[in-house]
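Note sheet for the following structure.
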Amino acid sequence: MTDLPQNADVVIVGGAAIGSSIAYHLMAHPQFSGSVVVVEKDPSYARAASALSAASIRQQYSSAINIKISLFGIEFLRQIGTHLGVEGHSPAIDLHEGGYLYLASEAGKSVLLENHAVQRREGADIALFDRQQLAAQFPWLRVEDLDCGTWGRTGEGWFDGWAVMQAFRRKARALGVHYIQDEVVGFQKTGQAVSEVRLASGAKIGCGMVINAAGAQGQKVAAMADVSIPVVPKKRYVFTFHCKTPLAHVPLLIDPSGAWCRPEGHADASGQLFIGSIGPQSEADDPPMADDDFEVDPHLFEDRLWPALAHRIPAFEEIRPGRAWAGPYDMNLFDHNAILGPVTGVDGFLLANGFSGHGLQQSPAVGRGLAEYVIFGAYRSLDLSELGFDRLAAQRPVLEKCVI
Ligand SMILES: Cc1cc2nc3c(=O)[nH]c(=O)nc-3n(C[C@H](O)[C@H](O)[C@H](O)COP(=O)(O)OP(=O)(O)OC[C@H]3O[C@@H](n4cnc5c(N)ncnc54)[C@H](O)[C@@H]3O)c2cc1C
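When the count follows my numbering, it moves up by one through the sequence shown with no breaks and lands on 1045 for the last residue.
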C-alpha cells in the first residue's frame, strides 16, 4: 500500500484475483501508458472468494465462450512464470492437471453428450467413457447406477488459488500499480461519466475510468454508480477430509447428486487429503449470504456430502473429516455467467462481476479482455462482448448449464 494519488487514469475497485489481473494486464500492455490505482478494503483477503475458492479449472462447460476463456486460462497458468515472474522469481502455483470427471446417470446422459459435443468443437481435450470404460479407468468408482462420464485428459485440474492471486498482485505492483487500503463508498459523476471515486477515509481520487471488481459486493459497488446488476452473494462451502485407502489418479469428480471432490496436496504414507462439497437442494435452500455470515453448516457434510461421496467411492466410507470453510459466490441470477465490460448510460464504468463460482480460472482471460477494452474500446484477442451488460436488458442469456 502506498500514499494516495489524487488522480488515476483507471481506478479498480477490489484487488483480489480479478482486480489484480486487470491491473497487471493493463500495465503489461505495450500500448498502455496510464496510471492504475487498485482500492482494496481488506488486503488480508480473509473474506475474498479468491482466497476461499476450490481453485480448480475446467473446460467442461456448456457455453462456448466459457470454454474459450478457460482454454486461455490453462495456457496462462502453464506459463505463469513467463507472465508473472518478478525479479527472477517464478510463482509456485502447484498446477496439477488431474482432469474433471463429470458423471451421468441415464437421466443426465443427453445433457452430458450435448455438452461434450460443444467442448470437442471448441478444441477441449475431453474423453467420453461408457460405464465399462469408467470402471476400467477408475477402479475405485461405483458405476452400477451410471451411464457414462466425461474426463479432461489435459487442460483441467487444480492449483494454488491464493498463489495465483498474489502473483497477479505482486506483478501488478512491480509494474507500477498503486494499491490503496480503503473502501470505495461512492462515485461522483460529471454528466453521465464517473469522474471521481470517494473512499471511506474521506479521500477522493479523480479518474478517467472505474472498473468494478468487488466480487460478492459487486452489486453494491454498481449501485453507487446507479447501475443495477442481478448479482447476489450466495454461500458455498468447502469441506476437507482424509482418506487412508490409497486411490490412484482421482480427478475432480462431479457426481450426478451434485456432490464433488478432488485430492488436495500429495498423497503420503498416511493417505490423501481431499476437498469437496455439495450445492443447495433448492432455491429456497439458497438465500443471499449476509456480509458477516461465514459460519459452516455443520449438517451438510454429515447428512448430504459424505453419503453421496461414499456411495460413489466406497473407500470413502472410512474417512476422517477435517476443517471446513464458507465463502461467497458472486452469483449472477440472470444466467450464471460473468457480466463484463461497459454499461450503457454510464460512461467510464466497466463491470467484471457475477462470476458465479468460476471466476478464478477466468481471471487471466478477463484481465486481458478488460485491459484491451480500456486501451482500445474493444476486445482484441478474445471477444467477450457476448458476456456484456446489454444482454440483461435484451433478455439474451448466455446460459451456463454446468454450474457447480
Ligand atoms: C467456496 C468457493 C469455491 C470456488 N471454487 C472455484 C473454483 O474451483 N474455480 C474457480 O475458477 N472459481 C471458484 N470460485 C469462484 C472464484 O473464487 C471467484 O469467482 C473469484 O475469486 C472472484 O474474484 P474477484 O476478484 O472478482 O472477487 P473476490 O475474490 O471476492 O474479491 C473481491 C475484492 O473486492 C474487495 N472489495 C469489495 N468491495 C469493496 C469496496 N467497496 N472497496 C474496496 N474493496 C472492495 C473485497 O475486499 C475483495 O478483496 C469459488 C468460490 C467459492 C466461494
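Backbone N, C-alpha and C define an ideal beta-carbon position, used for all residues, glycine too.
Quick caveat, the model's predicted, so the values are computed rather than measured.
Original post:
Less than 6 Å between the CB of Leu-974 and some heavy atom of ligand 1, yes or no?
Top reply: no
Subject >> Straight-line Cα distance separating Val-680 from Glu-785 >> reply: 53 Å
**OP:** Verify whether the separation of the beta carbon atoms of Arg-810 and Ser-661 is less than 7 Å.
**Re:** yes
Original post:
Going by the C-beta, is Val-680 closer than 6 Å to any heavy atom of ligand 1?
Top reply: yes
Subject >> Nearest to Phe-1092 (by Cα), restricted to the options Ile-653, Pro-732, Arg-877, Phe-673 >> reply: With the chain represented from 642 up to 1045, any question about residue 1092 goes unanswered, as that position is not in the structure.
Original post:
Looking at C-beta atoms only, is the number of pairs between the stretch 864-873 and the stretch 970-984 that lie closer than 8 Å three or more?
Top reply: yes
Subject >> Cβ-Cβ separation, Ala-863 to Leu-992 (assumed contact under 8 Å), whole Å >> reply: 7 Å
Original post:
What is the DSSP secondary structure of Asp-944, reduced to helix, strand or coil?
Top reply: helix
Original post:
So who's on the other strand from Thr-831, going by DSSP bridges?
Top reply: Ala-834
Original post:
Which of helix, strand or coil does DSSP assign to Tyr-878?
Top reply: strand
Original post:
Expressed to the nearest angstrom, what Euclidean distance is found between the alpha-carbon atoms of Ala-583 and Ser-997?
Top reply: Here the chain covers residues 642 to 1045 and nothing more, so residue 583 does not appear.
Original post:
If you run the structure through DSSP and keep just helix, strand and coil, what is Val-654?
Top reply: strand
Original post:
Taking the alpha carbon of Gly-832 as the point to measure from, which residue in Leu-946, Pro-955, Asp-988 has its own alpha carbon closest?
Top reply: Asp-988
**OP:** Return yes when at least one heavy atom of ligand 1 lies under 6 Å from the C-beta of Arg-945, else no.
**Re:** no
Original post:
Thinking C-alpha only, which one of Ala-866, Leu-712, Phe-957 is nearest Val-826?
Top reply: Ala-866
**OP:** Rounded to whole angstroms, what's the CA-CA distance from Ser-898 to Asp-788? Just pull it up for me.
**Re:** 14 Å
Original post:
Where does Val-1039 fall in DSSP's three states?
Top reply: coil
Original post:
Using a threshold of 6 Å, is the CB atom of Glu-824 nearer than that to any non-hydrogen atom of ligand 1?
Top reply: yes
**OP:** Take Thr-881 as the anchor and find which of Trp-966, Ala-951, Ile-954, Ala-910 has the nearest alpha-carbon.
**Re:** Trp-966
**OP:** Let me know the alpha helix (DSSP H) ranges lying completely inside the stretch 744-774, each 4 residues or longer, listed in chain order.
**Re:** 750-762
Subject >> Asp-896 burial status per 10 Å Cβ neighbour count (16 or more: buried) >> reply: buried
Original post:
Any heavy atom of ligand 1 within a distance shorter than 6 Å of the CB on Val-984?
Top reply: no
Original post:
What three-state label does DSSP hand Gly-1010 in the structure shown?
Top reply: helix
Original post:
Where Arg-794 and Gln-774 are concerned, what is the direct C-alpha to C-alpha distance, given to the nearest angstrom?
Top reply: 14 Å
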